[in-house]
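Notes to accompany the following structure.
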């Protein structure tokens, strides 16, 4: 029983993560059993526990690591940008390009929030909030400097993130458009969406905001 | 054994649909058993088969009926609109308002495409295509009439739909903003996103499209 966890541990862990990602993506977290996961990796069920303690831990780490990596690379992409429009363009190009290769992670991060235990859920929502704040701050800066016009920064933040993440549902490599063309199409939409005074019929688009309701919109736990 | 399916049938079917919607939303289709579904409705497992023949049929009908209703109400909302900008505003207001009350249906229609059998999957993708085409046609008309500027109509269609549907992940009644304010915020973003010549830095947003790749982008089966 000379286990080689010292040398094979990291490789096995990587295989477990990949298999978990695929199984959760294809069937859902609740439907995935650890027995199935072990079979997919090609190890005994009992051996799984050398690498992960629970199914919940695996889900949590998959989502957490995805968002952490997203944050790290976003901050690099924004480096050196000063004007809000340049920052927004850099944000858009980064988010679109990154998500072209992270379809499964994005799907799971969105669809399996429901499966996170409360403590893990809170931690993921906080991390996601940090990412959302990067965009909200760009929009706020643009509004403050008169470059952007948005009706509500928070709604615009959520809406633009949804717009940009949407491509994970249809993008596949080798399609009709190059990656550059897809990025350019998104840049046009996003940069224009916050441009001032440009709706074809201004009067109707500028209903005043009601400020009577007091609570704030935030992602709701399903 | 005097079953009252004649009078209670439709009510029970409605209860089954509601329970199915909730269970799939909370745990995923693969994780829902018919036994669990029957218990949720408060009937015997065997009685379920008076109403649905398979779990697959229930999932299919939930998604199909959702999209059919969406199409029916959209066509009503677009009636009488002639200018592309008015159509796009009507589309936006309808889609946002409708989705405020259809969080579970939207989540399932997006996340459980993976669970549809091939024939059902094709039918749903075709229905969804019909809905997407309504928007694509509005955008194409706007471009043809010089009212809109988009880099790629198909990418813009998917992106705007994602933007508009995004609110199902955060909206809840009684939040900070009124429904009208939320609709207005989306109208500004969407109408501006396709407005001509309005990106803060035009040069970079207007990279030429590559037309070398031959296949077309369409929703991919996961």
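Protein chains in written order, with the working numbering: chain B, 9 to 230; chain F, 9 to 230. Even for Gly, the Cβ is constructed at its ideal location relative to N, Cα and C.
Item to check | alpha helix (DSSP H) runs contained entirely in the segment 26-58 of chain B, provided each spans 4 or more residues | outcome: 42-49 and 53-56
Item to check | residue 55/B versus residue 67/B - alpha carbon distance | outcome: 18 Å
Item to check | Residue burial classification, residue 62/B (beta-carbon count within 10 angstroms, cutoff 16) | outcome: By the neighbour-count criterion, in which 16 or more other beta carbons inside 10 Å mark a residue as buried, residue 62/B falls on the exposed side.
Checklist entry - Going along chain B in order, which residues have a C-beta closer than 9 Å to the C-beta of residue 154/F? => result Result: empty, since nearest Cβ-Cβ is about 11 Å, beyond 9 Å.
Next on the checklist: Taking the alpha carbon of residue 73/B as the reference point, which residue from 98/B, 38/B, 122/B and 128/B has its own alpha carbon closest?
Outcome noted: Answer by Cα proximity: 128/B.
Checklist entry - What is the C-beta distance between residue 115/F and residue 33/F, in whole angstroms, given that I count them as a contact (C-beta under 8 Å)? => result 6 Å
Checklist entry - What is the DSSP secondary structure of residue 100/F, reduced to helix, strand or coil? => result helix
Checklist entry - When we look at the beta-carbon of residue 195/B and count the other beta-carbons within 10 Å, is it buried (16 or more) or exposed? => result That one is buried.
Checklist entry - Counting Cβ pairs, one atom from each stretch, are 3 or more of them under 8 Å apart for the segment 184-200 of chain F and the segment 134-152 of chain F? => result no
Next on the checklist: Rounded to whole angstroms, what is the Cα-Cα separation between residue 87/F and residue 172/B?
Outcome noted: 30 Å
Checklist entry - How about the segment 145-157 of chain F and the segment 144-155 of chain B: do they share at least three Cβ pairs that are nearer than 8 Å? => result no
Item to check | Cβ separation of residue 37/F and residue 130/F, assumed to be a contact under 8 Å, to the nearest whole Å | outcome: 18 Å between Cβ atoms; not a contact.
Checklist entry - Taking the Cβ atom as the reference point for each residue, do residue 125/B and residue 29/B lie within a distance shorter than 8 Å? => result No.
Checklist entry - Mind pulling the chain B residues with CB within less than 8 Å of residue 194/F? => result Residues of chain B passing the Cβ test: 163 and 167.
Item to check | Any chain F beta carbon closer than 8 Å to residue 77/B | outcome: Cβ-Cβ to chain F under 8 Å: no for residue 77/B.
Checklist entry - Under the three-state reduction of DSSP, which class applies to residue 191/F: helix, strand or coil? => result helix
Item to check | Neighbourhood of residue 27/F by C-beta, 8 Å cutoff - its chain only, sequence neighbours within 5 removed | outcome: Closer than 8 Å at Cβ, skipping near neighbours: 45, 48 and 49.
Checklist entry - Where does residue 16/B land, buried or exposed, given buried means 16+ other C-beta within 10 angstroms? => result exposed
Next on the checklist: For residue 123/F and residue 35/B, I'd like the C-alpha separation in whole angstroms.
Outcome noted: 8 Å
Checklist entry - For residue 82/B versus residue 160/F, is the C-beta distance shorter than 8 Å? => result No Cβ-Cβ contact shorter than 8 Å links residue 82/B with residue 160/F.
Checklist entry - Does the beta carbon of residue 190/B come closer than 8 Å to any beta carbon on chain F? => result yes
Next on the checklist: For chain B, check one thing: does any of its Cβ atoms lie closer than 8 Å to the Cβ of residue 103/F?
Outcome noted: Residue 103/F is outside the set of residues whose beta carbon lies under 8 Å from a beta carbon in chain B.
Next on the checklist: Below 7 Å on C-beta distance, what does residue 28/F contact in chain B?
Outcome noted: For residue 28/F, no chain B residue has a C-beta closer than 7 Å to its own C-beta; the minimum C-beta separation is roughly 15 Å.
Item to check | Under 9 Å (Cβ pairs) to chain A, residues found in the segment 44-68 of chain B | outcome: Although the question refers to chain A, the structure presented lacks it and instead comprises the protein chains B and F.
Item to check | Helix, strand or coil at residue 173/F according to DSSP, with G and I counted as helix | outcome: helix
Checklist entry - How close, in whole Å, do the beta carbons of residue 60/F and residue 24/F come, if the pair is a contact with beta carbons under 8 Å? => result A Cβ-Cβ distance of about 6 Å is found for the pair residue 60/F and residue 24/F, placing them in contact under the 8 Å criterion.
Checklist entry - Going along chain B, which residues have a C-beta under 9 Å from residue 173/F? => result 170 and 174
Checklist entry - Thinking just about the alpha-carbon of each residue, which of 197/B, 162/B and 179/B is nearest to the one in residue 183/F? => result 162/B
Next on the checklist: Could you give the first and the last residue of the continuous alpha helix (DSSP H) run that contains residue 139/B?
Outcome noted: 126-152
Checklist entry - What residues from chain F crowd round residue 39/B, counting only those whose CB sits closer than 7 Å? => result 36, 38 and 39
Item to check | Inter-residue Cα distance where the pair is residue 99/B and residue 19/F | outcome: 50 Å
Item to check | From 105/B, 51/B, 138/B and 94/B, residue whose alpha carbon lies closest to that of residue 200/B | outcome: 94/B
Next on the checklist: Let me see if you follow: with CB-CB separation under 8 Å, is residue 148/F close to chain B or not?
Outcome noted: Chain B contact via Cβ: absent.
Next on the checklist: Can you tell me where the alpha helix (DSSP H) holding residue 81/B begins and where it ends?
Outcome noted: 63-86
Next on the checklist: Does any residue of chain B have a CB that is nearer than 8 Å to the CB of residue 114/F?
Outcome noted: no
Checklist entry - Which residues in the same chain as residue 111/F place their Cβ atom closer than 6 Å to its Cβ, once the five residues preceding and following it in sequence are excluded? => result 176
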